[in-house]
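Engineer:
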Amino acid sequence: GWDWGPKMPTAGIWRDIELVAYNTARIDDVLILQDHGENVVDLSIKLQAESLANADLSAKVMLSLDGANISETTVDLTGDSAEINLTVSDPKLWWVNGLGEQPLYDVKVQLFADETLLDTLDKRIGLRVLRLETPEDAWGRAMFFSCNGVPFFAKGANWIPASPYPSVPNREFLDVFVKGAADTNMNMLRLWGGGIYEDDSFYDLCDEYGIAIWHDFIFACGVYPSFNDDWMANVRAEAIDNVRRVRHHASLAMWCGNNEIEQGMMDPSWVKSVGWDDYHKLFRDLLGDVVAEYDPQRDYWQASPHSPGNELDPYDQTVGDTHLWSVWHGKEPFEWYRTRQDRFCSEFGFQSFPEPATANEFSAPEDRNITSYVMEHHQRSQIGNGTIIHYMLDWYQLPDGFDNLLWLSQILQGMAMKYAVEHWRRNMPRTMGTLYWQLNDMWPAPSWASIDWRGRWKALNYMARRFYQPLLVSGVEDTGAGTVDIHVTNDTTADVAATVVYAVTDVAGKAITRGEIETVARTINNTHVTTLDLSEQLAEYTARNLLVYLDLMVDGERVSNNLVLFGRPKHMLFLDPQIDVAISAVDASNYDVTLTAQAPALYVWLSLPDAQFSDNFIDLQADQPVTLRVVTPAAMSVSDLAKKLDVGSLYHTYTTSS
16 GWDWGPKMPT
26 AGIWRDIELV
36 AYNTARIDDV
46 LILQDHGENV
56 VDLSIKLQAE
66 SLANADLSAK
76 VMLSLDGANI
86 SETTVDLTGD
96 SAEINLTVSD
106 PKLWWVNGLG
116 EQPLYDVKVQ
126 LFADETLLDT
136 LDKRIGLRVL
146 RLETPEDAWG
156 RAMFFSCNGV
166 PFFAKGANWI
176 PASPYPSVPN
186 REFLDVFVKG
196 AADTNMNMLR
206 LWGGGIYEDD
216 SFYDLCDEYG
226 IAIWHDFIFA
236 CGVYPSFNDD
246 WMANVRAEAI
256 DNVRRVRHHA
266 SLAMWCGNNE
276 IEQGMMDPSW
286 VKSVGWDDYH
296 KLFRDLLGDV
306 VAEYDPQRDY
316 WQASPHSPGN
326 ELDPYDQTVG
336 DTHLWSVWHG
346 KEPFEWYRTR
356 QDRFCSEFGF
366 QSFPEPATAN
376 EFSAPEDRNI
386 TSYVMEHHQR
396 SQIGNGTIIH
406 YMLDWYQLPD
416 GFDNLLWLSQ
426 ILQGMAMKYA
436 VEHWRRNMPR
446 TMGTLYWQLN
456 DMWPAPSWAS
466 IDWRGRWKAL
476 NYMARRFYQP
486 LLVSGVEDTG
496 AGTVDIHVTN
506 DTTADVAATV
516 VYAVTDVAGK
526 AITRGEIETV
536 ARTINNTHVT
546 TLDLSEQLAE
556 YTARNLLVYL
566 DLMVDGERVS
576 NNLVLFGRPK
586 HMLFLDPQID
596 VAISAVDASN
606 YDVTLTAQAP
616 ALYVWLSLPD
626 AQFSDNFIDL
636 QADQPVTLRV
646 VTPAAMSVSD
656 LAKKLDVGSL
666 YHTYTTSS
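If you're matching positions, the sequence shown starts at 16 in the numbering used here and goes up one per residue.
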């Protein structure tokens, strides 16, 4: 268990076991190395066999793409080993999500004795160079990843075990979450060191969707007996086994020694039992050596968080990665994120409840209060419910009813992560990665996940799809000065000419001022477009009445939008938006739903269990219709959808009992 999952100890063998019988020889191991040149990739395939009899062994290697043969060769083994070299001309390179496609080549290795086929091994690889880069720069030492020489901002989340019973999740179940990450514009998941070495299908899916994997070795939040030689030998065997199993995957970006053990070593009680020399023996030497020997083209990072050259400061903002929990555990306001200049933030998060459809699956009507026995049982964090309410009181009016409380907690979670990620993306290239805690759940419960255990997207996941867009417009308010700093962040590989459109209205939707600004968004960088001076409007209308809408237009198409407020939403004088809903059928299960509000409406959401929405939790301007695509779980008529589809907004959370 953890503070998001139940304690369910399991026992027994939970992965497949094979009894392998052979008379002559078998394939024991295959290591595939890549050397990238100008429009060419040389493959070096190192084969290790096990043999029981004297025989003339040979190996045949075939490389194909989408069923078409690319290259093949046959070599004789020297003893029990061979090195097979193949050259791929005009290679189709594998890219992380957002930078390009994910072509995957099939490698078939066959072992022969004379002309008798003895054994076959199949691997699927992507041709790419995926590296961790840590050059010195003006702010200290950078930390970013590059794919085929192109630096990219790591946009993603942390991955936890998908079930308390690790043998249960199958490929279809895992696909919901990995595809969900890709659809959210993510390009990286951190496989957390408190979990498990995942099933092969998880790595296959990450290959297919272009999701780079930051892979912790499975050590977390504790001290380990590295002074015990037998135990260390067991660790080495486990590490070698898993490195050899998954190292061929295109998506595997980096091995990391552990989760939060260096941070824990700041506690004097930890170093009383295990000192820094013991720590280094395991996490610097043993695991580092395993990666160097068995996965030599992969980078190794000693821990997370980790400050190279300064292990005693896990919060160093000049180098390495950080885990930041001052928002949530430390009760700092969301604005605290804007004080941080971290190079790479690999953990930060905020809890919310699952949506009513999920909560209703584990609760009876009489349980539907967050302080009920059942709801508190599913809340595994001792401070969880109280912390959610603490921040909710800071941001919003108390919601009316159980359902509205669940929805509003999701909005609150989304806003916390929005504050953090938008700030760090504005800080690019100084900051080059954000992996929020966490993508997925292991059971239905309140947690830090953005996709709940049923695969239902929380508000955060919709917001993440927007704040992880390749082109992002955002604003930073200064209520005292009456200004908004407008920024455009560009993750793409080229400069982009764009237009920023700003519109200022009051809470009734009355237009106050509007303007357009031409800009060029610099590639893999952030561009400060302008400082918008609204001090006169703020003095006239007050912070409780002003809304600043931002749109980013490229070639006449809106590619990003945002909303800036000068005050907390709980103090805004919002009116009933009176949202009109118009539904038109595209086919039996696809519908266009057009929403039109008579007054500004924040966080407008559609709700229909297990439906898919092109967007959700959106801000509506007055009299400006927005059309969303809805895919229903089963065919239904327009009239049936109109009856079943619920529409909510911030205003309705405290004016409509649910």
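Beta carbons: idealized from backbone N, C-alpha and C, even for Gly.
Who are the Cβ neighbours of residue 654 in its own chain at under 8 Å, not counting the five residues just before and after it?
Structural biologist: Taken in chain order, the list of residues that qualify is empty.
Engineer: Can you tell me which of 216, 225, 190, 180 puts its alpha carbon nearest to the alpha carbon of residue 210?
Structural biologist: Minimum Cα-Cα distance from residue 210 among the listed residues 216, 225, 190, 180 corresponds to 180.
Engineer: Please state if the CB of residue 338 and the CB of residue 361 are separated by a distance shorter than 9 Å.
Structural biologist: Yes; because the gap between Cβ atoms is below 9 Å, this pair is in contact.
Engineer: Round the Cβ separation of residue 306 and residue 313 to the nearest angstrom and send it over; I've been treating them as touching at under 8 Å.
Structural biologist: 6 Å
Engineer: For residue 555 and residue 527, what's the separation of their Cα atoms in angstroms?
Structural biologist: 11 Å
Engineer: Please name the residue in 67, 95, 413, 383 whose C-alpha comes closest to that of residue 73.
Structural biologist: 95
Engineer: Residue range of the alpha helix (DSSP H) that residue 660 falls in?
Structural biologist: Per DSSP, residue 660 belongs to no alpha helix (DSSP H) and is neither H nor E.
Engineer: Whole angstroms are fine: how far does the CA of residue 402 sit from the CA of residue 352?
Structural biologist: Rounded to the nearest angstrom, the two C-alpha atoms are 17 Å apart.
Engineer: Buried or exposed: where does residue 406 fall if 16 or more other Cβ atoms within 10 Å of its Cβ makes it buried?
Structural biologist: buried
Engineer: Is residue 267 helix, strand or coil by DSSP?
Structural biologist: strand
Engineer: What are the boundary residues of the beta strand (DSSP E) that residue 133 is part of?
Structural biologist: 131-140
Engineer: DSSP on residue 388, reduced to helix/strand/coil?
Structural biologist: helix
Engineer: Decide if residue 53 is buried, meaning its Cβ has at least 16 other Cβ atoms within 10 Å, or exposed.
Structural biologist: exposed
Engineer: Starting from the C-beta of residue 204, find all residues in its chain whose C-beta is less than 8 Å away, skip the five residues before and the five after it, and write them out in chain order.
Structural biologist: Here the set comprises 171, 172, 173, 174, 193, 196, 221, 226, 227, 228, 229, 450, 454.
Engineer: For residue 125, which of helix, strand or coil comes out of DSSP?
Structural biologist: strand
Engineer: Quick one, which of 384, 21, 191, 112 has its alpha-carbon nearest residue 168's?
Structural biologist: 112
Engineer: Count the other CB atoms within 10 Å of the CB of residue 513; is the residue buried (16 or more) or exposed (fewer)?
Structural biologist: buried
Engineer: Taking its Cβ as the centre, do 16 or more other Cβ atoms sit within 10 Å of residue 533, making it buried, or is it exposed?
Structural biologist: exposed
Engineer: Run through the DSSP bridge pairs and tell me what residue 336 is partnered with.
Structural biologist: As computed with DSSP, residue 336 is found in a beta bridge with 321.
Engineer: Residue ranges of each beta strand (DSSP E) run of no fewer than 3 residues wholly in the region 358-405, ordered along the chain?
Structural biologist: Correct list: 360-362.
Engineer: Taking DSSP as the reference, what is the three-state secondary structure of residue 503?
Structural biologist: strand
Engineer: Of all the alpha helix (DSSP H) runs that stay within the bounds of the region 180-247, which reach a length of 4 or more residues?
Structural biologist: 186-198, 215-224
Engineer: Quick check on the DSSP output: what are the complete alpha helix (DSSP H) runs of length 4 or more inside the region 408-452, in order along the chain?
Structural biologist: Look at the region 408-452 and you find these whole runs of alpha helix (DSSP H), each 4 residues long or longer: 417-441.
Engineer: For residue 498, write down the residues that DSSP places opposite it in a beta bridge.
Structural biologist: Note: residue 498 sits in a beta bridge opposite 493, 548.
Engineer: Assuming residue 615 and residue 643 form a contact by the criterion Cβ under 8 Å, report the distance between their Cβ atoms to the nearest whole angstrom.
Structural biologist: The beta-carbon separation of residue 615 and residue 643, rounded to 18 Å, does not stay under the 8 Å limit for a contact.
Engineer: Would you mind working out which of 57, 208, 434 sits nearest residue 273, comparing C-alpha positions?
Structural biologist: 208
Engineer: What is the DSSP secondary structure of residue 568, reduced to helix, strand or coil?
Structural biologist: DSSP places residue 568 in strand when its eight states are reduced to three.
Engineer: Just to check my reading of the structure: residue 261 and residue 309 have Cβ atoms closer than 8 Å, yes? What is that Cβ distance to the nearest angstrom?
Structural biologist: In fact, because the Cβ distance is near 11 Å, the residues do not count as touching under 8 Å.
Engineer: Rounded to the nearest angstrom, what separates residue 399 and residue 366 at their Cα positions?
Structural biologist: 7 Å
Engineer: Does residue 671 come out as helix, strand or coil in the three-state DSSP assignment?
Structural biologist: coil
Engineer: Contact between the region 286-303 and the region 143-159 is defined here as three or more beta-carbon pairs at a separation below 8 Å; is this criterion met?
Structural biologist: The region 286-303 vs the region 143-159: no contact.
Engineer: Which one or two residues does DSSP pair with residue 533 in a beta bridge?
Structural biologist: 514
Engineer: As a quick exercise: from 549, 466, 550, 495, pick the residue whose alpha carbon is nearest that of residue 368.
Structural biologist: 466
Engineer: Take residue 598 as the anchor and find which of 661, 39, 569 has the nearest alpha-carbon.
Structural biologist: Out of 661, 39, 569, 661 has the C-alpha closest to the C-alpha of residue 598.
Engineer: Tell me, to the nearest whole angstrom, how far the beta carbon of residue 372 is from that of residue 624; I am working on the premise that it is less than 8 Å.
Structural biologist: Residue 624 and residue 372 do touch by the CB rule: their CB atoms are close to 4 Å apart, below 8 Å.
Engineer: Counting only the same chain and skipping the five closest in sequence on each side, list residues whose C-beta sits under 8 Å from that of residue 22.
Structural biologist: 16
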